[in-house]
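S.K.: One structure is given below, represented as structure tokens, and several questions about it will come after.
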Amino acid sequence: MALKIMKGEEVCGVRAPGYNYIFRKSDGFAMRWGKTKDDDPFWGPAPELADISISNRCSNGCSFCYRDSVPDGPLMAVEDFRLVMEHLPATFQLALGGGEPTEHPDLIEFLKISREYGKVPNYTTNGTRLTREIIEATKKYCGAVAVSWSDIALEAVDQFVKGGVKTNIHFILSPNTIQQGIELMKKPELFGEEGINAVVFLLHKAIGRGISEDTPTVEQTRPLVIEAFSTDVTVAFDVCAIPHIAAAEKVGDIKVNWELLDFCDGARFTVYVDEDLNASPCSFIKGNHFTESLREKSMNEIWNGEKFSKFRSILKENPESCLALFPNSK
Numbered sequence: 087m088a089l090k091i092m093k094g095e096e097v098c099g100v101r102a103p104g105y106n107y108i109f110r111k112s113d114g115f116a117m118r119w120g121k122t123k124d125d126d127p128f129w130g131p132a133p134e135l136a137d138i139s140i141s142n143r144c145s146n147g148c149s150f151c152y153r154d155s156v157p158d159g160p161l162m163a164v165e166d167f168r169l170v171m172e173h174l175p176a177t178f179q180l181a182l183g184g185g186e187p188t189e190h191p192d193l194i195e196f197l198k199i200s201r202e203y204g205k206v207p208n209y210t211t212n213g214t215r216l217t218r219e220i221i222e223a224t225k226k227y228c229g230a231v232a233v234s235w236s237d238i239a240l241e242a243v244d245q246f247v248k249g250g251v252k253t254n255i256h257f258i259l260s261p262n263t264i265q266q267g268i269e270l271m272k273k274p275e276l277f278g279e280e281g282i283n284a285v286v287f288l289l290h291k292a293i294g295r296g297i298s299e300d301t302p303t304v305e306q307t308r309p310l311v312i313e314a315f316s317t318d319v320t321v322a323f324d325v326c327a328i329p330h331i332a333a334a335e336k337v338g339d340i341k342v343n344w345e346l347l348d349f350c351d352g353a354r355f356t357v358y359v360d361e362d363l364n365a366s367p368c369s370f371i372k373g374n375h376f377t378e379s380l381r382e383k384s385m386n387e388i389w390n391g392e393k394f395s396k397f398r399s400i401l402k403e404n405p406e407s408c409l410a411l412f413p414n415s416k
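This is the structure we're talking about:
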């Protein structure tokens with residue numbers, strides 16, 4: 087698919103037959119449309135966002151870690167990160183993760199390189215290893231940052247906010263955390279210009295060190311979903327939680343504006359690249375069924391290849407399917 091890339095200081099964009107996309111760097115505003123403004127493309131000719139694991143190193147040892155990260159886990163090399171950037175000429179948003187990004191000695195260099203290639207990086211951190219240099223670099227290069235929810239999350243949020251960084255909370259939903267998530271939304275004083283920008287609820291994944299008992303059911307998440315759709319604080323969900331939202335709507339608990347929500351965007355508008363340059367539709371996909379190596383193929387070949395095309399066809403047939411939570415659906 088032929089595409090035209092527009093790279094501006096403030097606004098970037100991609101145009102292809104039946105697909106148009108613009109992205110504003112200053113605030114992350116994005117628009118996507120098809121032949122007309124009323125058309126909604128099912129997928130794009132290139133990833134709009136790349137989720138890049140710069141390491142699988144983390145010293146926290148969380149029992150639910152979907153990546154099974156360890157203190158001596160592998161690190162992405164700087165030259166490999168540059169190679170990934172070369173493969174993503176039409177991608178303007180980067181989500182850097184791991185592992186724990188702040189344990190990578192070259193994190194600041196990665197943020198700088200991202201901007202050199204005209205991309206806006208963000209990253210998620212547990213907030214336990216923040217330094218003045220990291221916070222200053224985050225302010226200079228990143229659009230925003232996310233802190234994983236824990237007992238010290240608000241301390242990390244405070245450090246980032248005082249450093250002038252837009253800061254979100256990433257909150258993992260399990261049966262044991264749902265009530266805590268509800269209580270967090272009932273504290274509007276924690277949100278705003280001097281606090282949390284938004285809380286993003288992420289459904290627990292039974293992969294890595296995660297176990298199926300910790301993935302909440304539709305019934306277990308329903309009270310939180312209802313609260314999220316009635317609260318005045320800014321709330322978001324990852325796409326894996328969308329079926330839970332749809333279920334709440336079906337029984338009349340909430341009313342959903344589906345123009346603001348979408349089902350899985352893996353291989354449609356996003357791509358995941360791990361620290362060894364393996365590309366897959368999302369970070370929760372394990373094995374080689376949908377994975378290819380950037381050391382062997384270009385991103386264009388992978389994006390338009392058989393494995394990603396198969397992933398998209400499954401999603402098109404059943405938008406609520408999740409090949410991470412329910413891998414047998416492939």
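Taking the numbering used here, the leading residue of the sequence shown gets 87, the next gets one more, and so forth. Glycine residues also receive a C-beta, built at the ideal position from the N, C-alpha and C atoms.
Where in the stretch 296-365 do unbroken runs of the beta strand (DSSP E), each at least 3 residues long, occur, reported from the N-terminal end onward?
M.R.: The stretch 296-365 contains these whole beta strand (DSSP E) runs: 321-323, 356-359.
S.K.: What are the uninterrupted segments assigned as alpha helix (DSSP H) that are 4 or more residues long and contained completely in the stretch 150-237, given in chain order?
M.R.: Fully enclosed alpha helix (DSSP H) runs of 4 or longer: 164-172, 193-202, 218-227.
S.K.: Per DSSP, which residues does GLY256 bridge with? Please list them.
M.R.: For the purposes of this step, residue 256 is taken as the residue at position 170 of the sequence shown. Note that residue 256 corresponds to His in the displayed sequence, not to Gly. DSSP lists SER234, VAL286 as partners of HIS256.
S.K.: Tell me the residue span of the alpha helix (DSSP H) that contains LEU89.
M.R.: Taking the sequence shown and counting its residues from 1, one reaches residue 89 at position 3. No alpha helix (DSSP H) contains LEU89, which DSSP labels as neither H nor E.
S.K.: Could you tell me the distance, in whole angstroms, from the CA atom of ASN342 to the CA atom of GLU335?
M.R.: By 1-based counting over the sequence shown, the position of residue 342 is 256. By 1-based counting over the sequence shown, the position of residue 335 is 249. Strictly speaking, residue 342 in this sequence is Val, with Asn absent from that position. Approximately 7 Å between the Cα atoms of the pair.
S.K.: Please report the residue range of the alpha helix (DSSP H) in which TRP389 lies.
M.R.: Start at 1 with the first residue of the sequence shown, and residue 389 comes out as number 303. Its alpha helix (DSSP H) spans residues 385-389.
S.K.: Just the C-alpha distance for GLY281 and PRO207, rounded to the nearest angstrom, thanks.
M.R.: Indexing the sequence shown from 1 puts residue 281 at position 195. Indexing the sequence shown from 1 puts residue 207 at position 121. In a straight line, the C-alpha of GLY281 is about 21 Å away from that of PRO207.
S.K.: Between the Cα of GLU299 and the Cα atoms of MET171, ASN262, PRO329, which residue gives the shortest distance?
M.R.: Mapped onto the sequence shown, residue 299 falls at position 213. Residue ASN262 is the option with its Cα nearest to GLU299.
S.K.: LYS402 by DSSP, collapsed to three states: which one?
M.R.: Locating residue 402 in the sequence shown gives position 316, where the first residue counts as 1. Note: LYS402 maps to helix in three-state DSSP.
S.K.: To the nearest angstrom, report how far apart LEU174 and ASN386 are at their CA atoms.
M.R.: One-based indexing of the sequence shown puts residue 174 at position 88. One-based indexing of the sequence shown puts residue 386 at position 300. Using only the alpha carbons, I get a separation of about 9 Å.
S.K.: Beta-carbon within less than 6 Å of GLY120's beta-carbon, same chain only, minus the 5 sequence neighbours each way: which residues are those?
M.R.: Looking up residue 120 in the sequence shown gives position 34. GLY104, PRO127, listed in sequence order.
S.K.: Looking only at its chain, what residues have a beta carbon closer than 8 Å to the beta carbon of VAL97, apart from the 5 residues adjacent to it on each side?
M.R.: As a position in the sequence shown, residue 97 is number 11, starting the count at 1. Same-chain partners within the cutoff: ILE108, PHE109, ARG110, LYS111.
S.K.: Please look up how many angstroms separate the CB atoms of VAL231 and VAL251, rounded, as I've assumed it's under 8 Å.
M.R.: Along the sequence shown, one-based indexing puts residue 231 at 145. Along the sequence shown, one-based indexing puts residue 251 at 165. The Cβ separation is near 5 Å, so the contact holds.
S.K.: Helix, strand or coil for ALA242 per DSSP?
M.R.: Counted from its first residue, the sequence shown places residue 242 at position 156. ALA242: helix per DSSP, three-state reduction.
S.K.: CYS151 and GLY294 look like a contact to me (Cβ under 8 Å); what is the Cβ gap, rounded to whole Å?
M.R.: In the sequence shown, the residue the question calls residue 151 occupies position 65. In the sequence shown, the residue the question calls residue 294 occupies position 208. Going by Cβ atoms, the distance from CYS151 to GLY294 rounds to 5 Å, so yes, they are a contact pair.
S.K.: On a CA-only basis, which of THR301, LEU288, LYS372 is nearest ALA322? Give me that one, please.
M.R.: As a first step, residue 322 must be located in the sequence shown, where it is residue number 236. Nearest C-alpha to ALA322: LEU288.
S.K.: Determine the direct distance from the alpha carbon of ASN283 to that of ASP351, and round the result to whole angstroms.
M.R.: Your numbering for residue 351 matches position 265 in the sequence shown. Your numbering for residue 283 matches position 197 in the sequence shown. Looking at the two C-alpha atoms, the distance is approximately 23 Å.
S.K.: Can you say whether LYS416 is buried or exposed, counting buried as having 16 or more other CB atoms within 10 angstroms of its CB?
M.R.: Here residue 416 refers to the residue found at position 330 of the sequence shown. Note that LYS416 has pLDDT 46, beneath the 50 cutoff, so the model's placement of it is unreliable and no number is given.
S.K.: Consult DSSP for ILE140 and reduce its assignment to one of helix, strand or coil.
M.R.: Taking the first residue of the sequence shown as 1, we reach residue 140 at position 54. Coil at ILE140, not helix or strand.
S.K.: Distance check for ASP237 and LEU363, CA to CA, integer angstroms please.
M.R.: Position 277 of the sequence shown, counted from the start, is the residue given in the question as residue 363. Position 151 of the sequence shown, counted from the start, is the residue given in the question as residue 237. Taking the straight line from one Cα to the other gives about 33 Å.
S.K.: What does DSSP give as the partner residues of TRP119 in its beta bridges?
M.R.: In the sequence shown, the residue the question calls residue 119 occupies position 33. For TRP119, which the question treats as bridged, DSSP gives the partners ASN106.
S.K.: For the 8 Å Cβ check, are there 3 or more pairs between the stretch 306-316 and the stretch 255-273?
M.R.: Short answer: they touch.
S.K.: Output needed for VAL319: all residues of its chain with C-beta closer than 6 Å, excluding positions within five of it in sequence on either side, in chain order.
M.R.: Residue 319 sits at position 233 when you count from the first residue of the sequence shown. Within the same chain, VAL319 has close Cβ partners MET271, PRO274, PHE277.
S.K.: Do you know whose CA, among ASN390, GLU361, CYS148, lies nearest GLY296's CA?
M.R.: On the sequence shown, residue 296 is found 210 positions in, with the first residue counted as 1. Among ASN390, GLU361, CYS148, the Cα nearest to that of GLY296 belongs to CYS148.
S.K.: Starting from ILE293 and walking both ways along the alpha helix (DSSP H), at which residues does that stretch end?
M.R.: The residue labelled residue 293 in the question sits at position 207 within the sequence shown. It is not in any alpha helix (DSSP H) - ILE293 carries neither H nor E in the DSSP assignment.
S.K.: Less than 8 Å between the beta carbons of LEU216 and THR253, yes or no?
M.R.: Along the sequence shown, read from residue 1 onward, the residue named residue 216 stands at position 130. Along the sequence shown, read from residue 1 onward, the residue named residue 253 stands at position 167. No, these two residues do not count as a Cβ contact at 8 Å.
S.K.: I'd like to confirm the pairing. Which residues does DSSP put opposite ARG101 in its beta bridges?
M.R.: Stepping through the sequence shown from its first residue, residue 101 is reached at position 15. Paired residues: LYS90, ASN106.
S.K.: Please confirm if the stretch 161-173 is in contact with the stretch 134-141, defined as three or more CB-CB distances below 8 Å between the two stretches.
M.R.: These segments touch.
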